[in-house]
Each structure stands twice: as C-alpha cells, then as structure tokens.
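One structure below.
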Amino acid sequence: MDRTSTPIGSRRARTNTIALLSTVLLVTSCANGEARNMRDQEGETTGSNGAGALDLGEPRDLATNLDVPWGIDFLPDGSGLVAQRHSAVVAHLTPDGDVTEAGTIDGVAHGGEGGLLGLAIDPGFPDESYAYLYYTTSSDNRVARVAYDEESGNLGETEVILDGIPAANTHNGGRIAFGPDGYLYVATGDAQETDNAQDTDSLGGKILRMTTAGDPVLDNPFGDHVLSYGHRNVQGLAWDEEENLYAAEFGQDTLDEVNLIEPGGNYGWPIVEGPGGGGEFTDPLLTWEPAEASPSGAAIAGDSLWVASLRGARLWEIPLTGGGEVGEPEADFIDGFGRLRTVLVHPDGDALWLTTSNLDAWGSPADGDDRVVNVPLE
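Just add 121 to the spot in the sequence shown (first one is 1) and you have our numbering.
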C-alpha cells in the first residue's frame with residue numbers, strides 16, 4: 122500500500138552510490154509563467170546517466186487543484202485524459218494547461234487506495250474511439266471502456282469488459298497500458314489477501330493481458346487472463362524499444378521492486394519479498410528500501426526507465442543497458458513535488474508529465490495540489 126511504516130532490511134541494488142553534486146533551490150513556473158518556489162522545499166537533482174540519457178528542464182504546472190490525478194493517457198492531438206481517483210471525474214488537459222471535464226464514471230467507490238485509477242487510450246484512436254479505465258466499486262475492481270467524442274469533448278456510456286478483480290482498502294494495483302503487441306495489460310494488487318498472488322485462478326496479485334473486448338489473449342501462459350503472478354501491488358508498466366516489459370511494485374516493509382516481466386513468471390509474493398527466490402521465483406532487477414521509493418507509475422524515455430515514487434517523493438531515473446538489464450538508479454526532484462504517482466512521456470518526446478498524489482491520506486498538500494507537471498526533456 123502507500124505505506125507510512127518504517128522499512129527494515131536491505132536491498133540488492135543499493136542506490137547509495139548517488140552523489141548529489143549540489144543542492145539546488147528548485148524553482149518552477151506556474152502555468153501563467155510566474156515563478157514559484159516548489160513546495161517551499163529544496164529539490165535535488167543528479168547528473169546524467171551517460172549515453173542516451175536526457176537532461177530535465179525547468180518544470181511548470183500544467184494543471185492544479187485536481188482530485189488525486191491517477192491515470193493519464195494521450196490523444197492523437199497531444200492532449201490528455203486524466204482520471205481523478207476521488208471524484209471519478211475524467212478531465213481533458215491540453216499541453217497549454219486548459220482543463221475541461223469530460224465526464225464522471227458511474228459506480229466508482231472511493232476509499233483508501235481505491236477509486237478511479239488507471240486510464241489508457243485505444244491505440245486505434247480515433248477509429249476505435251475508446252478510453253479504457255480501471256476502477257474500484259463497492260465489491261470489486263473492474264476494467265471498462267468508454268467512448269470519447271473529440272468534437273464534443275464528452276465521454277459516452279461505460280461498458281465493463283472485466284470484473285471480479287479483488288478489491289480492498291489497499292493493494293488494488295490499478296495501472297493499465299497498451300503493449301507494443303496491441304493488447305491491454307492490467308496490473309492488479311493482492312487486495313490484502315496474500316494467497317491471491319500465488320493462485321493463478323485469481324485475478325488478484327497479477328499482471329493480466331487481454332483483448333480490447335476483455336477476453337484473454339490466446340497465448341497467455343495459463344489459458345486465462347494471467348500473464349504473470351506472485352505480485353503484491355504493481356502500479357507501473359513500461360516497455361523499452363526491445364519490447365521488454367518492466368513493472369514497478371510495492372513491497373511490504375522491506376523491499377520495493379522493479380521487475381522484468383516474462384509470461385508465466387512467478388515473482389514470489391508473499392513467499393519472497395525482493396531477491397532470493399532461487400529457480401522457483403524470478404528475482405527483481407533492482408530494489409529500494411521503501412523510504413526511498415514506494416514506486417508507482419513508470420515510463421521510458423532516452424534509454425532510461427523513469428519511476429514516480431510516493432513515499433520517496435522523488436523521480437527515479439534508471440538507465441537501461443540493453444537486454445532487459447539496468448544500471449544504477451539516480452534520483453531527481455527529491456521532495457520537490459511531494460508524492461509522485463504517475464510519469465509518462467508526451468507523444469512529441471519533448472517532455473515528461475508527472476502527477477502528484479499529496480491529497481492522499483499520507484500526503485502533505487501544498488497550495489494547488491494535486492497537480493500535473495510538465496518537465497521538459499533536453
């Protein structure tokens with residue numbers, strides 16, 4: 122969950138090699154161009170990770186006073202649809218910072234970490250003019266699709282394509298994304314029932330792979346929706362140019378993880394947290410102590426995997442060295458924005474969009490929270 126407990130243990134790939142060369146007073150500009158001191162705190166950034174790495178430019182707010190923006194995806198014109206967890210309102214956000222309401226998703230039950238979570242646009246848009254949503258109801262988590270009319274800017278009727286995903290106050294997963302194969306991938310949590318994760322007949326504690334109609338893909342390893350299992354609470358999915366799938370996952374109190382996902386792979390929870398599973402379980406690529414991470418959204422740009430961190434209140438940059446291997450992670454914007462939920466790359470390739478999650482029960486909101494922030498890539 123989005124934890125506040127004290128971490129214990131150690132991690133396999135420690136990030137204490139990070140050398141912060143200087144402390145920078147991190148200043149951003151608001152959407153109207155006026156500079157502000159970001160959360161009145163000092164933010165710290167690191168240097169480049171080497172070849173293929175990108176420098177981060179000066180952030181600016183695109184939208185403020187949002188209601189826990191969780192899932193975002195882009196339309197062909199470069200604008201985005203934003204799912205707001207608490208209110209169940211989907212907003213339309215332009216790169217210039219104009220915000221309008223597209224519609225409200227009926228049947229969403231917000232509580233704890235549940236509510237309106239992931240959002241993904243059909244890769245065939247506008248011919249297939251659907252947004253896909255992951256949300257919590259009073260009984261389960263569901264995946265649905267809803268038509269979006271670009272001309273009117275409004276959502277249509279919601280059609281549930283998969284239900285019965287276990288739900289609880291915490292560990293709901295919620296990230297959804299289309300893979301390079303055109304199928305929809307869905308990250309679910311164990312819903313506080315750890316046995317769900319090892320049960321391939323359960324939809325909880327899994328990464329699922331399905332068609333746009335909600336059916337299992339025919340070559341899924343268990344003949345159902347399940348692609349991989351043994352997960353506690355995945356909230357980040359991203360693919361590199363080699364089509365390797367990386368998943369960011371909350372541990373319990375010891376180790377958070379980034380995993381390389383293989384069909385049929387067992388990632389160990391609750392038997393193993395972090396590495397040490399031997400041949401039976403797949404070890405993570407890297408781990409963090411929870412105070413440094415609580416990783417949520419993930420994206421790939423410039424030969425790096427970027428991971429938004431909640432409790433860690435920072436953006437991690439992890440160099441991709443090829444063949445599904447990674448280098449040492451470096452941290453950007455430490456305490457600059459508070460809790461970071463989502464990171465994604467704008468389709469123009471010139472910026473990251475970040476969302477904050479400071480209106481969570483665990484956050485300390487500043488004026489204007491929650492927000493979507495544009496970070497130029499240079």
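Quick reminder that beta carbons are idealized off the backbone N, C-alpha and C, glycines included.
| task | Leaving out five residues on either side along the sequence, give the residues of the same chain with a beta carbon under 8 Å from the beta carbon of Ile-392. | result | Around Ile-392: Gln-319, Gly-351, Gly-398, Phe-402.
| field | Complete beta strand (DSSP E) runs within the segment 370-432 (minimum length 3 residues, chain order) | value | The qualifying runs are 377-382, 407-409, 416-422, 425-430.
| request: Could you tell me which residues DSSP puts in a beta bridge with Glu-446? | output: The partner list for Glu-446 (beta bridge, DSSP) reads Gly-443.
| query | If you count every other CB in all the chains shown that lies within 10 Å of the CB of Ser-485, and 16 or more means buried, which is it? | reply | It is exposed - the Cβ of Ser-485 has fewer than 16 other Cβ atoms within 10 Å.
| Proximity below 8 Å, CB of Pro-342 to CB of Glu-314 | Result no, Cβ atoms of Pro-342 and Glu-314 do not sit closer than 8 Å.
| Asn-380 versus Gln-356 - alpha carbon distance | Rounded to the nearest angstrom, the two C-alpha atoms are 12 Å apart.
| field | Spatial neighbours of Ser-250 in its chain, beta-carbon cut-off 8 Å, leaving aside the 5 residues before and after | value | Closer than 8 Å at Cβ, skipping near neighbours: Asp-243, Ala-268, Tyr-269, Asp-270, Glu-271.
| message | With DSSP as the reference, identify every bridge partner of Asn-262, one or two as the case may be. | response | Asn-262 pairs with Thr-257, Ile-286.
| With contact counted as at least three CB pairs below 8 Å, one residue from each stretch, are the segment 216-232 and the segment 252-269 in contact? | For the pair of segments examined, the segment 216-232 was found to touch the segment 252-269: the number of CB pairs separated by less than 8 Å reaches three.
| Near Pro-197, which residues of its chain fall below 7 Å by C-beta distance, leaving aside the five closest residues on each side in sequence? | Excluding residues within five positions, the ones whose Cβ falls inside 7 Å are Phe-246, Pro-247.
| task | Just tell me which of Gly-459, Asp-481, Asn-262 has its CA closest to the CA of Leu-475. | result | In terms of Cα proximity to Leu-475, the closest of Gly-459, Asp-481, Asn-262 is Gly-459.
| request: Could you have a look at Ala-434 and say whether DSSP puts it in helix, strand or coil? | output: Note: Ala-434 maps to coil in three-state DSSP.
| query | From what residue to what residue does the beta strand (DSSP E) around Asp-453 run? | reply | Boundaries of the beta strand (DSSP E) around Asp-453: 451-453.
| request: Check Asn-275 in the structure and name its three-state DSSP category. | output: The answer is strand: DSSP assigns Asn-275 an E or B state.
| query | For the beta strand (DSSP E) that Asn-495 lies in, which residues bound it at each end? | reply | Asn-495: member of the beta strand (DSSP E) spanning 493-497, first to last residue.
| request: Spell out a yes or no on whether the segment 320-334 and the segment 296-308 are touching, meaning 3 or more CB-CB pairs, one atom from each, closer than 8 Å. | output: Touching, yes, given that three or more Cβ pairs across the two stretches are closer than 8 Å.
| request: Measure the alpha-carbon distance for Ala-487 versus Pro-337 and round it to whole angstroms. | output: Rounded to whole angstroms, Ala-487 to Pro-337 spans 43 Å at the Cα level.
| Is Trp-427 closer than 8 Å to Asp-377 when the C-beta atoms are compared? | By the CB criterion at 8 Å, Asp-377 and Trp-427 fall outside the cutoff.
| query | Skipping 5 residues on each side, what residues in its chain have a beta carbon closer than 7 Å to that of Asn-365? | reply | Taken in chain order, the residues that qualify are Leu-381, Gly-445.
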